[in-house]
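Read top to bottom, the protein sequences are chains C and X.
Last residue of the first sequence? That's 287 in our numbering, and every number before it is there in order.
Last residue of the second sequence? That's 287 in our numbering, and every number before it is there in order.
We treat Cβ as the ideally placed atom computed from N, Cα and C, and that holds for glycine.
There are 2 protein chains.
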Amino acid sequence: MKIMIVDDDKLVASSLKMIVEADEEIEVTGVCHSGREAVKAYDELSPDILLMDIRMEDMNGLEALEEIIKMHEDARVLFLTTFNDDEYIVKALSLGAKGYIIKQDYESIVPALKAVYEGQTVFGSDVIERLPDMLKEPAKKEFDYESFGLNAQEYEIIELVAMGLSNKECAAKLALSEGTVRNYISGILSKLELRDRTNLAIFYYTRC
Amino acid sequence: MKIMIVDDDKLVASSLKMIVEADEEIEVTGVCHSGREAVKAYDELSPDILLMDIRMEDMNGLEALEEIIKMHEDARVLFLTTFNDDEYIVKALSLGAKGYIIKQDYESIVPALKAVYEGQTVFGSDVIERLPDMLKEPAKKEFDYESFGLNAQEYEIIELVAMGLSNKECAAKLALSEGTVRNYISGILSKLELRDRTNLAIFYYTRC
DNA sequence: TTTTATTTATGACAAATGTCATATAAACTT
DNA sequence: AAGTTTATATGACATTTGTCATAAATAAAA
């Protein structure tokens with residue numbers, strides 16, 4: 080298995096080389112110190128896996144992957160990171176990275192490389208822990224209007240306002256008079272401590 | 080490394096056992112054929128990793144993990160699956176599964192186990208490919224206001240309206256007169272074919 | 001039955017909103 | 001320089017909105 084190491088900290092890069100070469104299956108065919116170098120070197124060396132830092136001076140790891148993947152669609156990149164940055168995880172994933180692990184965690188680098196070599200995608204546990212929360216949001220939570228002291232009628236009006244209806248239209252839809260709808264809205268606004276229907280709609284779409 | 084295998088197809092279970100035991104580091108301490116069995120057996124055997132099928136008759140893999148993790152918070156479970164089901168991935172992740180790989184992919188099972196043993200989380204590439212899309216939504220896409228014939232100033236006003244500001248407040252924030260802001264909004268509404276600021280805010284939160 | 005809440009409704013009012021015609025100055029074209 | 005566009009402003013106006021006091025009808029509680 081031929082791998083290439085990319086890290087702008089030369090000490091880290093050579094440490095990684097040593098750690099990784101201790102395994103007889105792994106051969107380090109190249110070491111680079113910037114994303115830009117890596118893009119160039121990848122063409123010549125075409126390694127099986129790229130073991131790359133994310134934060135680097137001259138073109139960071141994500142940009143490098145983006146470039147590389149344009150030329151070599153099947154490129155496999157395992158990212159190393161010192162700290163966990165949610166932004167990066169998502170970006171890395173959508174770019175097609177094969178993994179995202181913590182640099183400090185030496186022992187896990189070789190197994191991770193092997194798993195990637197076998198077609199897996201690997202994440203440090205700390206990294207993955209935050210994923211479920213990021214995924215969770217599509218599960219639409221039901222708005223608990225009662226906890227705001229609102230009743231079903233009031234909530235129904237909120238929904239109509241959030242659909243953009245005027246007082247008159249709400250009244251027609253609910254078979255109430257326009258004045259009554261106004262009164263309801265007045266009450267809703269004060270309970271929710273909002274100023275006007277626009278803020279109510281905003282509340283609906285951001286907090287509900 | 081002690082592992083436990085759980086699969087209701089006995090043939091598959093024993094095949095897995097053979098494959099996995101071919102590696103001298105791995106020792107299979109138990110084989111179960113249902114989630115319920117697994118929960119019980121886990122207590123007695125406390126393996127390092129549980130290699131478990133998801134679809135099973137008597138208590139499925141996810142339910143089993145849920146039970147097990149109640150008792151053993153640090154339990155590590157690597158799921159095996161015949162087909163890719165997005166539902167399961169998300170659920171498995173939020174339950175704290177350490178991996179999710181394709182059963183057919185024999186060669187990758189051992190490396191995956193080792194990576195998990197080292198604290199990583201592992202996904203079959205096919206599995207992970209669908210994650211980026213699921214994650215993408217938090218990545219706020221930039222609204223292309225130009226395609227609606229709006230200029231930057233108008234868009235800025237839209238943002239303020241969508242924050243719930245009144246005309247007067249918008250005016251103050253943009254150093255314009257209130258009347259001008261009104262005129263702008265009037266123009267915005269007609270371009271967007273909306274009726275009032277509330278509908279504009281709704282547009283912002285649902286279409287932008 | 002009387003009292004009390006609840007729901008719905010009115011009317012009056014001030015403030016905010018949206019539309020429109022028009023105006024002014026600055027920034028460009030030509 | 002003369003003309004045109006652009007950004008900003010004004011005033012007048014009709015509507016809509018939100019608040020409040022109050023009232024009638026009904027339902028629930030005593």
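Item: Cβ neighbours of C:Leu144 in the same chain (closer than 7 Å, five flanking residues each side left out); Value: Val156, Leu174 and Ala176
Item: For C:Thr108, the three-state DSSP class (helix, strand or coil); Value: strand
Item: Any chain X beta carbon closer than 8 Å to C:Gly266; Value: no
Item: Check whether X:Leu192 and X:Val99 have beta carbons under 8 Å apart; Value: yes
Item: As assigned by DSSP and simplified to three states, the class of C:Gly140; Value: helix
Item: Interface positions of the stretch 132-154 of chain X facing chain C (Cβ-Cβ less than 9 Å), listed along the chain; Value: none
Item: For C:Phe158, the first and last residue of its enclosing beta strand (DSSP E); Value: Val156 to Thr160
Item: C:Tyr284 at chain X interface by Cβ criterion, 8 Å; Value: yes
Item: Touching by the beta-carbon criterion (3+ pairs, under 8 Å), the stretch 275-286 of chain C and the stretch 239-254 of chain C; Value: yes
Item: 8 Å Cβ cutoff met for C:Val201 and C:Gly228; Value: no
Item: Residues of its chain near X:Glu146, where Cβ-Cβ distance is below 7 Å and the 5 sequence neighbours each way are ignored; Value: Val118
Item: Limits of the alpha helix (DSSP H) - the one that X:Ile281 falls within; Value: Arg276 to Thr285
Item: Euclidean distance between Cα positions of X:Tyr185 and C:Met150; Value: 30 Å
Item: Distance, X:Lys182 Cα to X:Glu104 Cα; Value: 21 Å
Item: Cβ-Cβ distance between X:Leu288 and X:Leu141 below 8 Å; Value: No answer is possible for residue 288 of chain X: it lies beyond the span of chain X, which begins at 80 and ends at 287.
Item: Backbone CA spacing between C:Asn230 and X:Ser256 [nearest angstrom]; Value: 40 Å
Item: C-beta atoms of C:Val110 and C:Ile128 nearer than 8 Å; Value: no
Item: With 16 other Cβ atoms within 10 Å as the buried cut-off, status of C:Gly114; Value: buried
Item: Minimum Cβ-Cβ distance from C:Lys215 to chain X less than 8 Å; Value: Any reading at C:Lys215 is ruled out, since the residue's pLDDT is 48, under 50, leaving its predicted position unreliable.
Item: Assigned secondary structure, C:Leu229 (DSSP; H/G/I helix, E/B strand, else coil); Value: coil
Item: C-beta neighbour in chain C for X:Glu186, strict 8 Å; Value: yes
Item: Under 7 Å by beta carbon: chain X residues contacting C:Ala191; Value: Ala194 and Gln199
Item: Within chain C, the residues that X:Phe202 reaches when beta carbons sit closer than 8 Å; Value: Gln199, Thr200, Val201 and Phe202
Item: Proximity below 8 Å, CB of C:Asp137 to CB of C:Leu159; Value: no
Item: Residue burial classification, X:Ile82 (beta-carbon count within 10 angstroms, cutoff 16); Value: buried
Item: Backbone secondary structure at C:Ile82 - three-state DSSP; Value: strand
Item: Chain C within 8 Å of X:Gly228, Cβ atoms only; Value: no
Item: Collapsed DSSP secondary structure at C:Ile133 in the structure displayed; Value: coil
Item: Within the stretch 235-280 of chain C, ranges of the alpha helix (DSSP H) (whole runs, at least 4 residues); Value: 246-253 and 257-271
Item: Beta-carbon separation (whole angstroms), C:Tyr196 vs C:Met80, contact threshold 8 Å; Value: 5 Å
Item: Assigned exposure category for C:Ser187 - 16 Cβ within 10 Å defines buried; Value: buried
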